[in-house]
Amino acid sequence: MQRATGCQNGRIAPPSTMATAMPLTFSIQQDTGAGRRATMQLPHGAVETPVFMPVGTAATVKAVPQHLLEEAGTQILLGNTYHLYLRPGHERIRRLGGLHRFMSWPRAILTDSGGFQVFSLNALRTVSEEGVRFRSHLDGSAHFFSPEHSMDVQIALGADIVMAFDECTEYPATRERARASLELTQRWAVRSRDHFLAHQQEVPWYAERQGQTQNLFGIVQGGMYADLRRESAERLVELDLPGYAMGGLSVGEPRERTREIIAATLPLLPADKPRYLMGVGYPDEIVEYAAMGVDMMDCVLPTRAARHGLLFTSQGRLNIKNQRYAEDQGPLDPECKCGVCQRYTRAYLRHLFAAKEPLAAVLHSLHNLAFYLDTMQSVRDAMVLGTLPELLERVRQRQGGAA
RNA sequence: GCACAGGUGGCCGAGCGGUUAAUGGCAGCAGACUGUAAAUCUGCCGCUCCUUGGAGCUACGGAGGUUCGAAUCCUCCCCUGUGCA
Numbered sequence: 142m143q144r145a146t147g148c149q150n151g152r153i154a155p156p157s158t159m160a161t162a163m164p165l166t167f168s169i170q171q172d173t174g175a176g177r178r179a180t181m182q183l184p185h186g187a188v189e190t191p192v193f194m195p196v197g198t199a200a201t202v203k204a205v206p207q208h209l210l211e212e213a214g215t216q217i218l219l220g221n222t223y224h225l226y227l228r229p230g231h232e233r234i235r236r237l238g239g240l241h242r243f244m245s246w247p248r249a250i251l252t253d254s255g256g257f258q259v260f261s262l263n264a265l266r267t268v269s270e271e272g273v274r275f276r277s278h279l280d281g282s283a284h285f286f287s288p289e290h291s292m293d294v295q296i297a298l299g300a301d302i303v304m305a306f307d308e309c310t311e312y313p314a315t316r317e318r319a320r321a322s323l324e325l326t327q328r329w330a331v332r333s334r335d336h337f338l339a340h341q342q343e344v345p346w347y348a349e350r351q352g353q354t355q356n357l358f359g360i361v362q363g364g365m366y367a368d369l370r371r372e373s374a375e376r377l378v379e380l381d382l383p384g385y386a387m388g389g390l391s392v393g394e395p396r397e398r399t400r401e402i403i404a405a406t407l408p409l410l411p412a413d414k415p416r417y418l419m420g421v422g423y424p425d426e427i428v429e430y431a432a433m434g435v436d437m438m439d440c441v442l443p444t445r446a447a448r449h450g451l452l453f454t455s456q457g458r459l460n461i462k463n464q465r466y467a468e469d470q471g472p473l474d475p476e477c478k479c480g481v482c483q484r485y486t487r488a489y490l491r492h493l494f495a496a497k498e499p500l501a502a503v504l505h506s507l508h509n510l511a512f513y514l515d516t517m518q519s520v521r522d523a524m525v526l527g528t529l530p531e532l533l534e535r536v537r538q539r540q541g542g543a544a
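For the first sequence, our numbering gives the first residue as 142, with consecutive numbering after it.
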């Protein structure tokens, strides 16, 4: 992987002992004023942004093998700290050379910190200043996650980008609750950074990639309160991290609120660093947010929906289990170039789903992922051509109804 | 032929005098899914009619009977399984 010669604006202020640390570079190719195109250079390769990142929680994007992910154009994958810590264990992954080698994924990886589990494992955890006590969803055993521990696990996994340990604020949340949550997330971000900087040379590939390091991103919280979001962003930016994320969105709030919070937060994040919107969204959403200036997004939706029979197409959403497709010999999406659409009929895909054949999950996930990845590619292309507004309009219209 | 055991809504299978259009499961139909406790979850699922709610009709192998009231009890018949002839 060649290194881009772009600016070093993502550099972390290095502690005295870490003068050689070399984090990501983020080279902006084009800023349209409404969305921008850039190349993000990471230890495991370059990523063209805006980018959609498939979620591979347990060292696998459910139902899709790595070679097909590459073929579909995946540039960077997500992994999850909490899940990999529980199974197979981060120390085991470290002994096996890190997550990239373990799962045979040569391209970039980002690991989430476990912060989302603070939110979703609601019934199985207790939050304190020190960290979060979890009960394993696998066997009920007790575990403790602190910012420091999350960093240790993420360093052992060795992703290119690691996330600060945060508390994903629930919705709805009162102003007091959102403030307390933001404050905790901020204190945890400082602890995450300090621990990360002190241990970043322990990453499994440190020796073979001389001087390159992982990149710690901070996460903005603040619930649905624009001023709290502002405060969270401003204080987080003081930590001078190589990238920033917006968390706690798409947790049940109306779409308009999501849009407002993104619009209010984006301008406060450094323009020369990647901005990551966590856990989003539907096809029209990812286009819209990219057009607002978001560089990175991830979402389980394409893969989860695929496993449940919901397919995203250029004509809108399509529920493959519907009776109407039982003898439909057409392709899933006539405009899609993916291998699934090139080869199989809707009738066949419906049959696989109805018969509960595992291949249904494979083919459906592959298509939905290809659709998302292609959608992002078309966003990048539209920026070059200056046709992003038209693309956005088209996507908005088509994602409303059924195919 | 005799003796047991059975015949319940598309299928399997509860119920064994009223609160039963009849528990469950499957199949079927539709919906949901946004930093993955998710190959998960939700709704509908005899027929007809009116607006939610309801009204009417038809239903537990068949025909009779007992009872205020039967899928549930009795009689006969038909059918299935197992055992004995």
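Glycine residues also receive a C-beta, built at the ideal position from the N, C-alpha and C atoms.
| query | result |
| --- | --- |
| CA-to-CA distance, Y417 to P184, given in whole angstroms | 18 Å |
| Under the three-state DSSP convention, the category I461 falls into | coil |
| Contact between the stretch 462–476 and the stretch 225–243 (3+ Cβ pairs under 8 Å) | no |
| Nearest-angstrom Cα separation, counted from T222 out to L209 | 24 Å |
| M365 beta carbon less than 7 Å from that of E394 | yes |
| Counted within 10 angstroms of its Cβ, other Cβ atoms place R318 as buried (16 or more) or exposed | exposed |
| Cβ contact check for the stretch 268–285 and the stretch 353–360: 3 or more pairs under 8 Å | no |
| Residues near A204 in its chain [Cβ-Cβ closer than 6 Å; skip 5 each side] | A502, V503 and S506 |
| Bounding residues of the beta strand (DSSP E) (the contiguous stretch that carries G220) | I217 to N221 |
| Contact set for P247: own chain, Cβ-Cβ below 7 Å, skip 5 residues either direction | H185 and H241 |
| Where the beta strand (DSSP E) through P288 begins and ends | From DSSP, P288 is part of no beta strand (DSSP E) but of the alpha helix (DSSP H) over P288 to L298. |
| DSSP state of M365 mapped onto helix, strand, coil | coil |
| Same chain only: Cβ atoms within 7 Å of A249, ignoring 5 sequence neighbours per side | L183, H185, G186, V188, Q216, I217 and D301 |
| C-alpha gap between V378 and S287, whole angstroms | 22 Å |
| Range covered by the beta strand (DSSP E) that runs through L504 | Not the beta strand (DSSP E): L504 falls in the alpha helix (DSSP H), residues P499 to L526. |
| Residues bridged to F243 [DSSP beta-bridge criterion] | Answer by DSSP bridge pairing: none, since F243 is not bridged. |
| Completely contained beta strand (DSSP E) runs for the stretch 228–277, where each covers 3 or more residues | 249–253, 266–268 and 273–276 |
| Rounded separation between R396 and Y226 - CA only | 33 Å |
| Same chain only: Cβ atoms within 8 Å of E270, ignoring 5 sequence neighbours per side | L325 and R328 |
| Same chain, Cβ closer than 6 Å to M163, neighbours up to 5 away in sequence not counted | G352 and Q353 |
| Reduced DSSP secondary structure (H/G/I, E/B, other) of V303 | strand |
| Check whether A179 and F167 have beta carbons under 7 Å apart | yes |
| Distance CB(L369)-CB(Y385) smaller than 7 Å | no |
| Reduced DSSP category for A543 - H, G, I as helix; E, B as strand; rest coil | Because the pLDDT at A543 is just 49, under 50, the model does not fix this residue reliably, and the point stays unresolved. |
| 6 Å CB neighbourhood of Q258 in its chain, flanking five on each side removed | Y223 |
| Reference G238, options A305, R177, L529 and R350, closest by Cα | R350 |
| Touching by the beta-carbon criterion (3+ pairs, under 8 Å), the stretch 296–316 and the stretch 340–347 | yes |
| H449 - DSSP class collapsed to helix/strand/coil | coil |
| Minimum C-alpha distance to R177 - residue among H449, P499 and D436 | D436 |
| Residues sharing a beta bridge with V192, DSSP | M437 |
| Pair within 7 Å by beta-carbon distance, G457 and R539 | yes |
| Per DSSP, the bridge partner or partners of T180 | S168 and E189 |
| Where the alpha helix (DSSP H) through L325 begins and ends | R316 to H340 |
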